[in-house]
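Sequence lines, in order, name chains L and V.
UniProt numbering numbers the first residue of the first sequence as 1 and each following residue consecutively.
UniProt numbering numbers the first residue of the second sequence as 1 and each following residue consecutively.
Heads up, the thing below is written out as structure tokens.
There are 2 protein chains.
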Amino acid sequence: MSKIALVGLGLVGRAWAVSFARAGHEVAIWDERPESIDDALGFVNRVLPDLDAHDLLRGEPPLSVRSRMRRAGSLEEALDGASHVQENTPEDVEAKRRVFAELDRLADPEAVLASSTSAILPSAFSRGLKGCGRCLVAHPINPPYLVPSVEIVPAPWTDPDAVRRTADLLEAAGHAPIVMTREIDGFVVNRLQGALLEEAFRLVGDGFASAEDVDVAIREGLALRWSFMGPFETIDLNAPGGVRDYAERYQRIYERIFPSTQRRVDWSGPAMDAVEAERRTRLPAERLAERAAWRDRRLMALAAHKKKAGEEIGE
Amino acid sequence: MSKIALVGLGLVGRAWAVSFARAGHEVAIWDERPESIDDALGFVNRVLPDLDAHDLLRGEPPLSVRSRMRRAGSLEEALDGASHVQENTPEDVEAKRRVFAELDRLADPEAVLASSTSAILPSAFSRGLKGCGRCLVAHPINPPYLVPSVEIVPAPWTDPDAVRRTADLLEAAGHAPIVMTREIDGFVVNRLQGALLEEAFRLVGDGFASAEDVDVAIREGLALRWSFMGPFETIDLNAPGGVRDYAERYQRIYERIFPSTQRRVDWSGPAMDAVEAERRTRLPAERLAERAAWRDRRLMALAAHKKKAGEEIGE
């Protein structure tokens, strides 16, 4: 097992702590603000028993997992001996440049330096660094201890060995790495999410459907198969001859739709007025946090279900 | 309970038979080809015990559900006394026009005439009919006995009462109706699916990701939350201040992506070559049917999980 250093302990950093410690790694945690570390450890102490109750700790007692997390007294101490550094500071490109320059200066020469950023290209924060070849993005979907997918995105100068080591580390920790060949805005996950949301906002803005209609179409419809197959396997099984047969039968439907999708919707404009009014009627703002806790319980139950279904029904 | 007439007993029609009979309705089934009815009933006899094993038959024995399905000797007999007619013939607009003209002539004057079409606008097959006001689309995602979402799409002349009665019928049968205000190519479901697939084919075609990367991004990532919340509730809970806060924080990411999505990909061209080569390596063509059976078992297990999680964790 390796030593992992987590730099920045907000929502994403604390979730990585659970994921890496569960996988058996020593996890050193560091944040400029000591109270962020307190909050993170408080969170970890609450979530580990929940994961155990859903059989999502590989059979190890919560305290044993917890014992592999160490609060570091300084950034240097956190980095000392770490083979993988996961950075989770706020999404600001100038700040990330400064952080990565410092990480590159202080970390072991062999360590991989990974950012959790969802929006900043790896080239933007690693350009010109002496160790630019070991810098990359490893972008999780929160929380990574329940959502396996992680995007690994190299800059043009990232060493393929750093990519491979990161993918191996994550895969062994139960993650499902998506290894991109090169960087692009939005990576894979947010490009797919953005394409769907863009059409969703357009349908609501043009008055064809409500926000709830869109949510029903996905949560009581498309996302059921997507949640265990993904969209390509879904269409591969939706025509007798597989995915090409599907495209030959149905592509003309999508061709007809395409021209009407070539128009950006302002997500903060009238479409948002409609979506927000509807959402706040269904869920008042003061209940957002309570609903987020419900979401986490549902996500945990779903992770437990998928694990069991994968074992019983086979893959 | 009502009498439902199913006209056309292919994959979609036979699945509707299960859904409507489970809800307590008398279901008259009719197809021009008697062997289609035999196949459909054979399928029903196999699937009902599976549904019972997953506690998805409302506690009623399979034989009791089955006893409400009747093979009609003629179209007239199927329609006699039916208050809802669900048409499931092949996706050909001329054929649908002929079928709907006949249904309109033969069905009880009060009956709603609904098509399961995924691709034909309701105005295209109901224009000019005496009973055009009772014609609409009720498009399920297959199989409707496991996937609750159904799109109800009116033509410009559809009577709002026909829409309301169809929504009530489906909701009482455990469906989640999406009631569109007016027709548009692709309705809601295929427009959302098309937007996602278009970006997926573009990412593969441009060499940024493999088809499996896309499937992992969705099945091990985005679709987990989508499968019980939908995309709008997902982003509503992804920023402290709700959906508007989310758009204000992250819309600029999606704005940057948008221009690069304004280009159609030929789903049958080089992008398909890549997707198909990959899919056929993972799953040879001769195992497609076996995998579709696996998908149906997973879908059934997921439906059972969602029912249980909804009850235990609350909604």
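All C-beta atoms, glycine included, are put in the ideal place defined by N, C-alpha and C.
So which residues of chain V does residue i contact, with C-beta pairs closer than 7 Å?
i, result
"A119/L", "I253"
"A176/L", "V216, E220"
"I152/L", "In chain order: nothing, as chain V lies at least about 10 Å away."
"R279/L", "F232, D236, G242, V243"
Should residue i and residue j be called a contact, given that it needs their Cβ atoms to be closer than 8 Å?
i, j, result
"I184/L", "I152/L", "no"
"R22/V", "R70/V", "no"
"R279/V", "D236/L", "yes"
"L113/L", "E76/L", "no"
"Y145/V", "L9/V", "no"
"G207/V", "T181/L", "yes"
"D108/V", "A82/V", "yes"
"A111/V", "H84/V", "yes"
"L192/V", "L222/L", "yes"
"T166/L", "L136/L", "yes"
"V275/L", "F232/V", "yes"
"G194/V", "I257/L", "yes"
"V243/V", "L203/L", "no"
"E171/V", "Y254/L", "no"
"R291/V", "L302/V", "no"
"W157/L", "N88/L", "no"
"G133/V", "D159/V", "yes"
"L56/V", "A304/V", "yes"
From the DSSP output, read off the bridge partner residues of residue i.
i, result
"K3/V", "E26/V"
"R71/V", "I29/V"
"P177/V", "V150/V"
"E87/L", "V7/L, S115/L"
"A138/V", "I152/V"
CA-CA distance, residue i and residue j?
i, j, result
"F20/L", "N190/V", "39 Å"
"R225/V", "R295/L", "8 Å"
"A247/L", "V44/L", "46 Å"
"L169/L", "D161/L", "12 Å"
"R249/L", "W267/V", "11 Å"
"A124/V", "R97/V", "8 Å"
"H54/V", "P270/V", "42 Å"
"L196/L", "S227/V", "14 Å"
"G13/L", "E60/L", "22 Å"
"L121/L", "Q86/L", "15 Å"
"K306/L", "V147/L", "11 Å"
"E220/L", "V216/V", "20 Å"
"A209/L", "K308/V", "29 Å"
"A155/L", "P62/L", "37 Å"
"D80/L", "H25/L", "14 Å"
"P140/V", "S115/V", "10 Å"
"residue 322/V", "G314/L", "In the structure displayed, chain V extends from 1 to 315; residue 322/V sits before or after that span and is not available."
"R287/V", "M272/V", "19 Å"
"F100/V", "L6/V", "13 Å"
"M229/L", "A289/L", "30 Å"
"M1/L", "V27/L", "10 Å"
"V18/L", "A119/L", "23 Å"
"S149/L", "F201/V", "19 Å"
"V214/L", "H175/V", "15 Å"
"D92/L", "A285/L", "27 Å"
Whose Cβ in chain V lies nearer than 8 Å to the Cβ of residue i?
i, result
"G205/L", "Under the 8 Å cutoff, chain V gives no residues; its nearest Cβ is about 12 Å from G205/L."
"L237/L", "L288, R291, A292, R295"
"W16/L", "Going along chain V, no residue has its Cβ under 8 Å from W16/L, so there is no contact; the nearest lies around 16 Å."
"S268/L", "R244, A247, E248, Q251"
"E276/L", "G242, V243, R244"
Under a Cβ-count criterion, where at least 16 other Cβ atoms within 10 Å of its own Cβ denotes burial, should residue i be classed as buried or exposed?
i, result
"G186/V", "buried"
"S64/V", "exposed"
"D104/V", "buried"
"K130/V", "exposed"
"D31/L", "buried"
"M300/L", "buried"
"P143/L", "buried"
"A277/V", "exposed"
So which residues of chain L does residue i contact, with C-beta pairs closer than 9 Å?
i, result
"L299/V", "L224, R225, F228"
"I141/V", "A217, E220, G221, L222, L224, R225"
Along chain L, which residues have their Cβ under 7 Å away from the Cβ of residue i?
i, result
"A209/V", "I178, M180, V188"
"Q262/V", "Q262"
"Q193/V", "L222"
"S149/V", "V216, A217, E220, G221"
Is residue i near the ligand FMN, going by C-beta to nearest heavy atom under 7 Å?
i, result
"F232/L", "As presented, the structure is devoid of all ligands, the ligand FMN included, so that no description of it is given."
Give me the chain L residues within the contact set of residue i, using Cβ-Cβ distance strictly less than 8 Å, ordered along the chain.
i, result
"W93/V", "For the record, residue 93/V in the displayed sequence is Val; it is not Trp. Within chain L, no residue comes near V93/V; the closest Cβ sits about 12 Å away, beyond 8 Å."
"P231/V", "Q193, L196, L197, A200, V214, D215, I218"
"D314/V", "The sequence given here has Gly at residue 314/V, not Asp. Neighbours of G314/V on chain L, chain order: W294."
"F258/V", "G194, E198, R264"
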